[in-house]
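Notes for the one structure printed next.
Residue numbers (the numbering used here): 12 to 695.
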């Protein structure tokens, strides 16, 4: 494999402390125990990665609500029929719990036909029955609420799986229904998601509705750190020229258990003949030896003489595809590593698909939604015996100067970088930022490294058990309202998601040589926070902005230091990020928010891009971005003027247009721009 082209943009190593796979006396893993402690809450939001056990956590909570809290019935709502199997019967008492989870066959509407009046009618019959649990799809539930009304569901538990499908947008029917349930206040809601942010940057709930929920957060870091077997996760992008099918073996290792997601037929990467693409991949792997009569898997002999079992989920012939899909779901084969080697899919084998042996999720072409990327990566992050490494690769077409679609190719490149930056945040330990003051002191449970806590310097503490970094920053603002505190504690990733998805921000951060970092860290991030949380006052918006940019930039600086150390593998281990953060803090005279604002969040991403893409293509991308130079807008000028007012309060003078400091000069330009606008308006 060419080291010139394939560079993991994220490589994370974990401690394998087994905490997320060990059960307590009630048969609950760590995340489930944490969720169960909150079982008395009427509105509960569980944010937890794929494979952390959300389905079973819901079973424990719902059984308690039915038996001990006076609720009549539990309705579990899933986005698609295949996920309904996650809520099949479970003998929980066998592992120490006081009841078993049971769904009468006719009430699992993901499997059952529904009867003469269809699945919506079946929901109505269930509501009138004495049975306790129903499982149905989001669509069935929406139609049932339309037909029977909100009141028909009073005194019941409604559990919504994959909650990121919900949106506060009035056009989102499920979101509107949930808003109505919350307004009536007669049901208990349990919401579960592995990625509580949407690819379209819509809010999942309105702020006032979200404030009603208590949140249980279990991070990717805790999940992966607590595994027994999986130790290393790599995430990267790989650029190809020509047809992807000709380059696929440069990243597809037949020795790794792999899910290949080929591109949608309407995408730029597609050859428009998905069947030929599958045939080409199979031919590249070896000699076809026919079909396995029991499973429908393709049998392919590699040049080394090994026979690969390949599941083709792209086939349009429903009978063939269904046979393969059924063989993949066969519960008898769940723990059989040799059952299948490679799965080729288009639109399948993503959300809710469970194949614990998957070591490599290989996706061709950029996926429109960051949520989808997180879900695909989740296919490879299951823990399984003998599986020590996993990776996600996004195979992307390199921009070609001769192509009309060069702008589209540039957009795909930017989106891949955005996904990578987001995943770095998702996979990192969680930051707890505090202002450095004369009264600051060590926080119990945190290790402050060699020499311990230093009262004369900004300190970095790490709690290995919870995966949290406690960090002091001079001049950092603290949240005033409870809502702002919750964002800073729980939801910085949503702010960072919106930031890295903002096309202007990422274009300028990567390719505009004249860009001053504060333009994006202060002005662009400030605007994104203001748009996302208009109900916060200006002080709390600034606080959220500071916390979000600190989390993003400190992760980037730590990654830069980790990647620059030749012996990172030997000394870093699962502490590479914390070691990088500590080194950065030690190397600066003092860590303050102004210093953090002067870091370009995209600097390290650019250096990785320079290693993965050919020089000609990189110049091509730069040219496309430079051709649409951003002019100062009235909104940006106002934002700069606001910063200029703050500058005057601190320095006793307005910024100077002739200053040698690029950021001071930029603020002065904003003030001058506004003055010109006012003058022109006055002159008519």
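Each residue gets a CB set at the ideal place from its N, CA and C atoms; glycine is no exception. None of these values were measured; they are calculated from a predicted model.
- With contacts defined as CB atoms closer than 9 angstroms, residue 237 and residue 392 fail to qualify as a contacting pair.
- A direct Cα-Cα distance of roughly 54 angstroms separates residue 669 from residue 282.
- Setting aside the 5 residues that flank it on each side, residue 371 is surrounded in the same chain by 263, 264, 267, 268, 269, 270, 391, 401, 402, 403, 404, each with a C-beta closer than 8 angstroms to its C-beta; the list follows chain order.
- Note on geometry: alpha-carbon atoms of residue 684 and residue 692 lie some 12 angstroms from one another.
- Distance check between residue 20 and each of 677, 94, 432 places 432 closest, using alpha-carbon atoms only.
- Pairing residue 608 with residue 550 gives a Cβ-Cβ distance that is not under 9 angstroms.
- Assigned with DSSP and collapsed to three states, residue 536 falls in helix.
- For residue 446, the pairing in a beta bridge is given by DSSP as 484.
- Membership of residue 147 in the beta strand (DSSP E) is indicated by the continuous run 144 to 148.
- Taking the Cα of residue 380 as reference, the smallest distance to any Cα among 538, 361, 408 is reached at 361.
- A direct Cα-to-Cα measurement between residue 72 and residue 45 gives close to 11 angstroms.
- In this structure, the alpha-carbon of residue 226 lies about 12 angstroms from that of residue 498.
- The closest CA to that of residue 469, considering only 455, 105, 447, 384, is found on 447.
- Around the beta carbon of residue 450, fewer than 16 other beta carbons lie within 10 angstroms, which makes this residue exposed.
- Going by DSSP, residue 522 is part of the alpha helix (DSSP H) stretching over 514 to 522.
- The beta carbons of residue 83 and residue 29 sit no closer together than 9 angstroms.
- Secondary structure note for residue 334: its alpha helix (DSSP H) is the uninterrupted segment 329 to 340.
- Within the same chain, and ignoring the five residues on either side of residue 67 in sequence, the residues whose Cβ sits closer than 7 angstroms to its Cβ are 43, 101.
- Between residue 358 and residue 275, the CB-CB gap stays under 9 angstroms.
- Note: residue 54 is bridge-paired with 200 in the DSSP secondary-structure output.
- Excluding sequence positions up to five before and after residue 378, its CB lies within less than 6 angstroms of the CB of 384, all in the same chain and listed in chain order.
- Below 8 angstroms, too few C-beta pairs join the stretch 531 to 539 and the stretch 456 to 471 to call them touching: fewer than three.
- Less than 9 angstroms divides the Cβ of residue 91 from the Cβ of residue 148.
- The C-beta separation of residue 153 from residue 185 comes to about 6 angstroms, placing the pair in contact by the 8 angstroms criterion.
- Ranked by how close their Cα comes to the Cα of residue 248, the residues 473, 408, 279, 338 have 408 in first place.
- Residue 103 and residue 374 have their C-alpha atoms spaced approximately 37 angstroms apart.
- Rounded to whole angstroms, the separation of the alpha carbons of residue 539 and residue 175 is 20 angstroms.
- Contact annotation: residue 313 and residue 296 have beta-carbon atoms nearer than 9 angstroms.
- Under the DSSP assignment, residue 168 falls in the beta strand (DSSP E) whose first and last residues are 167 to 171.
- Shown here, residue 272 sits in a strand according to DSSP, grouped into three states.
- DSSP places residue 633 inside the alpha helix (DSSP H), whose first and last residues are 626 to 637.
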